[in-house]
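Enquirer: Sharing a structure here in structure tokens format.
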Amino acid sequence: MRGGKFMSEQNRGDLYAETGDKGRLGVMDRYFHITERGSTFGREIRGGLATFFAMSYIIVLNPLIIGASTDSTGNYLGGGSEPNLPAVAAATSLISGLMTILMGVVGKFPMAVSSSLGLSAFITYGLVVLPGMTWADAMGLVVIEGVILLILVLTGFRSAIFNAVPGALKTAISVGIGLFIALIGMVNAGFIQNHGGTGLELGTGGSLFGWPMVVFLVALFALFAMWSAHVRGAILYSIIGAAVLAITLESVLSIGPAEGADGEENEYGWGLTVPTLDQDWFAMPDFSLLGEFDLLGSWQNVGIVAATLAVFTLLLANFFDLLGTMVGTSNAGNIKDADGEIPYSRRIMVADTLGTIGGGLGSTSVNSGFIESTVGVGDGARTGLANVVTGVLFMATIVLAPLAAVIPTEAASATLVLVGFLMMQQIVRIDWKDIEMAIPAFMTVVIMPFSYSITNGIGAGFITYVVIKSLRGKFKDVHPLMYVTAAMFVVYFISGPLQDAIGSS
214 MRGGKFMSEQ NRGDLYAETG DKGRLGVMDR YFHITERGST FGREIRGGLA
264 TFFAMSYIIV LNPLIIGAST DSTGNYLGGG SEPNLPAVAA ATSLISGLMT
314 ILMGVVGKFP MAVSSSLGLS AFITYGLVVL PGMTWADAMG LVVIEGVILL
364 ILVLTGFRSA IFNAVPGALK TAISVGIGLF IALIGMVNAG FIQNHGGTGL
414 ELGTGGSLFG WPMVVFLVAL FALFAMWSAH VRGAILYSII GAAVLAITLE
464 SVLSIGPAEG ADGEENEYGW GLTVPTLDQD WFAMPDFSLL GEFDLLGSWQ
514 NVGIVAATLA VFTLLLANFF DLLGTMVGTS NAGNIKDADG EIPYSRRIMV
564 ADTLGTIGGG LGSTSVNSGF IESTVGVGDG ARTGLANVVT GVLFMATIVL
614 APLAAVIPTE AASATLVLVG FLMMQQIVRI DWKDIEMAIP AFMTVVIMPF
664 SYSITNGIGA GFITYVVIKS LRGKFKDVHP LMYVTAAMFV VYFISGPLQD
714 AIGSS
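Pasting the structure below:
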């Protein structure tokens with residue numbers, strides 16, 4: 214089958230004709246298994262570009278999360294009394310580029326790696342605020358967590374847990390991620406907004422208005438139309454076309470950002486990035502954050518118990534974020550071997566854990582697989598070559614940071630909505646008549662978008678599955694590791710009160 218490890222001779226011959234190969238596979242083709250997975254060099258390059266454009270916002274957003282907040286001592290990331298966002302952006306580009314290329318070369322899998330927004334937020338708002346904790350201490354904990362994960366992978370424990378998960382729950386994870394990233398796309402574009410006490414609502418006050426919204430809607434419906442017409446490169450074309458429209462509108466109308474430098478709000482302005490070509494295109498990178506970590510500081514400053522609990526929380530979230538992202542990316546592109554398993558899964562996990570360690574060493578938070586990789590997969594990427602393309606582009610943004618800032622989130626967010634639809638289609642694989650599996654699957658699917666967390670959705674599904682089976686006396690139906698994992702998730706869900714209790718004692 215196409216997308217699997219083995220292909221029929223007819224399909225292989227068709228792909229040779231498409232790539233112009235007369236029967237001899239090149240070294241790169243053989244190494245990345247491009248033809249074996251039903252892809253071509255053109256699709257891999259196109260998919261790598263699409264993934265980069267879909268997740269390039271991280272270069273802007275990660276500094277705003279971890280670079281604009283102080284630790285418990287009143288210092289910003291890097292130890293200064295003022296935020297150094299350019300340094301965070303440079304480090305984010307560097308580490309993302311290196312780890313994404315590593316994933317492509319080692320894991321041979323089209324899953325880009327960058328700073329996890331959820332874990333960046335946890336570190337910023339839940340970890341460095343602990344009395345005595347510094348940014349260097351927190352990054353040291355990230356390194357320690359990554360080393361522990363690496364040990365779990367090399368000993369086979371991480372793979373064992375992955376294989377212990379029932380097939381229906383794996384599918385539910387993928388479907389839940391689809392809904393989650395569709396919601397992310399809509400929220401990033403301002404199509405859905407959180408208005409405090411009123412919860413989520415459509416646009417502003419229930420209405421859609423403003424030129425950035427027009428850009429998002431044009432990109433969305435153009436993408437739907439192109440996808441329906443089976444246009445190759447539809448995702449990349451929609452991003453580029455929407456970016457050109459956004460740049461044109463900004464140059465003519467001077468729309469401006471949603472929040473100005475003086476704090477003045479413009480509810481119809483651009484959400485995160487103002488698309489303008491009027492900027493400096495080259496900048497010398499500031500790598501002062503590299504190596505700014507302290508392995509032992511947190512254990513001395515906040516205590517062994519609090520530090521251990523923090524590592525456990527990071528470990529569990531990172532552990533299952535990768536599981537969900539890996540399954541989602543694999544299912545989106547049907548990247549499976551003849552046995553229906555993800556090829557090189559152990560290598561993928563090793564590369565991901567090295568990304569976590571690299572994120573701590575580079576002070577860019579936990580780096581892990583990015584679900585936006587499904588955008589590139591949706592545009593044809595099937596191998597690690599797409600990752601090499603994405604990684605090289607990340608490296609380029611070290612000195613060409615304004616390039617990533619040209620594309621507004623409104624232009625790229627439409628692709629996340631489409632990919633969410635594609636992943637949602639897998640819901641038919643779940644047997645909804647099997648209530649014992651359907652309820653845990655349902656909890657997995659809905660908790661992800663509702664709680665804005667892949668990890669929360671997986672935890673809710675696992676716990677529900679174990680509880681239902683146990684209460685019905687079907688203990689032997691549950692793999693022993695599922696009991697262990699569910700118990701770990703229980704601790705994870707009450708980690709906040711535990712930390713508060715420890716901090717007050």
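The numbering used here numbers the first residue of the sequence shown as 214 and each following residue consecutively. For each residue, glycine too, the CB sits at the ideal point set by N, CA and C. Quantities reported herein were computed from a predicted structural model and do not represent experimental measurements.
(1) To the nearest angstrom, how far is it from the Cα of G236 to the Cα of V630?
(2) If we ignore side chains and look at the alpha-carbon of each, how far apart do L365 and R371 end up?
(3) Tell me the residue span of the alpha helix (DSSP H) that contains V658.
(4) Where DSSP assigns a beta bridge to L415, which residues make up the other side?
(5) Alpha helix (DSSP H) containing V326: first to last residue?
(6) Between which two residues does the beta strand (DSSP E) containing G582 stretch?
(7) Name the one or two DSSP bridge partners that E623 has.
(8) Relative to the C-alpha of Y665, which residue among M316, L363, A377 and M399 is closest?
(9) Over what stretch of residues does the alpha helix (DSSP H) that includes M312 continue unbroken?
(10) Can you tell me which of A627, L362, F634 and I555 puts its alpha carbon nearest to the alpha carbon of F434?
(11) If you draw a straight line from the alpha carbon of L529 to that of M637, how long is it in whole angstroms?
(12) Which residue marks the beginning of the alpha helix (DSSP H) containing K682, and which one marks its end?
(13) In chain order, what residues of the same chain lie with their CB nearer than 6 Å to the CB of A395, ignoring the 5 residues before and after it?
(14) Out of F675, I620 and V679, point me to the one whose CA is closest to S269's CA.
(15) Just tell me which of S329, V703, Y705 and L694 has its CA closest to the CA of P379.
(16) Does DSSP put W440 in a helix, a strand or coil?
(17) With distance defined between alpha-carbon atoms, name the residue in V601, F675 and S578 nearest to F335.
(18) Go to V273, then tell me how far its alpha helix (DSSP H) extends in each direction, as first and last residue.
(19) Could you name the residues that DSSP lists as bridge partners for E472?
(20) With three or more C-beta pairs closer than 8 Å as the rule, is the region 314 to 325 touching the region 507 to 518?
(21) Which residues in the same chain have their Cβ closer than 8 Å to the Cβ of E472, if we skip the five residues on either side of it in sequence?
(22) Can you grab the Cα-Cα spacing for the pair N275 / S306, in whole Å?
(23) Thinking T569 and L290 are a contact (beta carbons under 8 Å), I'd like their distance in whole angstroms, please.
(24) Is W645 helix, strand or coil by DSSP?
(25) For S511, which of helix, strand or coil comes out of DSSP?
(26) So, V356 versus D565, is the Cβ gap smaller than 8 Å?
(27) Work out the CA separation of A438 and V465 for me, nearest whole Å.
(28) If you reduce the DSSP assignment to three classes, tell me which class T698 lands in.
(29) Looking at G537: is its Cβ nearer than 8 Å to the Cβ of I671?
(30) If we count the other Cβ atoms within 10 Å of its Cβ and call it buried at 16 or more, is I517 buried or exposed?
(31) Near P299, which residues of its chain fall below 6 Å by C-beta distance, leaving aside the five closest residues on each side in sequence?
(32) With a cut-off of 8 Å, does the C-beta of L396 fall near any C-beta of chain D?
(33) Please determine if the region 253 to 268 and the region 586 to 604 are in contact, where contact requires at least 3 C-beta pairs separated by less than 8 Å.
(34) Would you mind sorting L354 into buried or exposed? The rule is 16 or more other CB atoms within 10 Å of its CB.
(35) Closer than 6 Å by C-beta to M497: which residues in its own chain qualify, once you throw out the five before and the five after it? Chain order, please.
(36) Alpha helix (DSSP H) containing A594: first to last residue?
Expert: So, from the data block:
(1) Confidence at G236 is low in this model, with a pLDDT of 47, below 50, so the placement of that residue is unreliable and no value is reported for it.
(2) Here the alpha carbon of L365 sits roughly 6 Å from the alpha carbon of R371.
(3) I648 to S664 is the extent of the alpha helix (DSSP H) around V658.
(4) According to the DSSP secondary-structure assignment, L415 is paired through a beta bridge with I405.
(5) Per DSSP, V326 lies in no alpha helix (DSSP H); the unbroken beta strand (DSSP E) holding it starts and ends at V326 to S328.
(6) Secondary structure note for G582: its beta strand (DSSP E) is the uninterrupted segment N580 to G582.
(7) DSSP, once it has assigned bridges, lists no residue as partnering E623.
(8) Of the candidates M316, L363, A377 and M399, the one whose C-alpha sits nearest the C-alpha of Y665 is M399.
(9) First-last of the alpha helix (DSSP H) with M312: L298 to L315.
(10) Of the listed residues, the one whose Cα sits closest to F434 is A627.
(11) Their Cα atoms are separated by approximately 25 Å.
(12) Run containing K682: I667 to L684, per the alpha helix (DSSP H) assignment.
(13) Cβ neighbours of A395 beyond the five flanking positions: V630 and G633.
(14) The candidate whose alpha carbon is nearest that of S269 is I620.
(15) Looking at the Cα atoms, L694 is the closest of the given residues.
(16) Note: W440 maps to helix in three-state DSSP.
(17) For the residues V601, F675 and S578, the minimum Cα distance to F335 belongs to S578.
(18) Residues I271 to I279.
(19) Looking at the DSSP assignment, E472 forms a beta bridge with E478.
(20) With the cut-off at 8 Å, the region 507 to 518 and the region 314 to 325 do not touch.
(21) Around E472: E478, N479 and G482.
(22) Roughly 10 Å between the two C-alpha positions.
(23) That belief does not hold up - the Cβ atoms of T569 and L290 are roughly 17 Å apart, past 8 Å.
(24) Assigned with DSSP and collapsed to three states, W645 falls in coil, not helix or strand.
(25) DSSP, reduced to helix, strand and coil, places S511 within a helical segment of the structure shown.
(26) Not closer than 8 Å, so no.
(27) Approximately 27 Å between the Cα atoms of the pair.
(28) It is helical.
(29) Result yes, Cβ atoms of G537 and I671 sit closer than 8 Å.
(30) Per the 10 Å Cβ criterion, exposed.
(31) Result list for P299: D499, in chain order.
(32) Here chain D cannot be found, since the structure has a single protein chain.
(33) Output reads yes: the region 586 to 604 touches the region 253 to 268.
(34) L354 counts as buried, since at least 16 other C-beta atoms from the protein chains shown sit within 10 angstroms of its C-beta.
(35) Nothing meets the Cβ criterion.
(36) Going by DSSP, A594 is part of no alpha helix (DSSP H) at all; its letter is neither H nor E.
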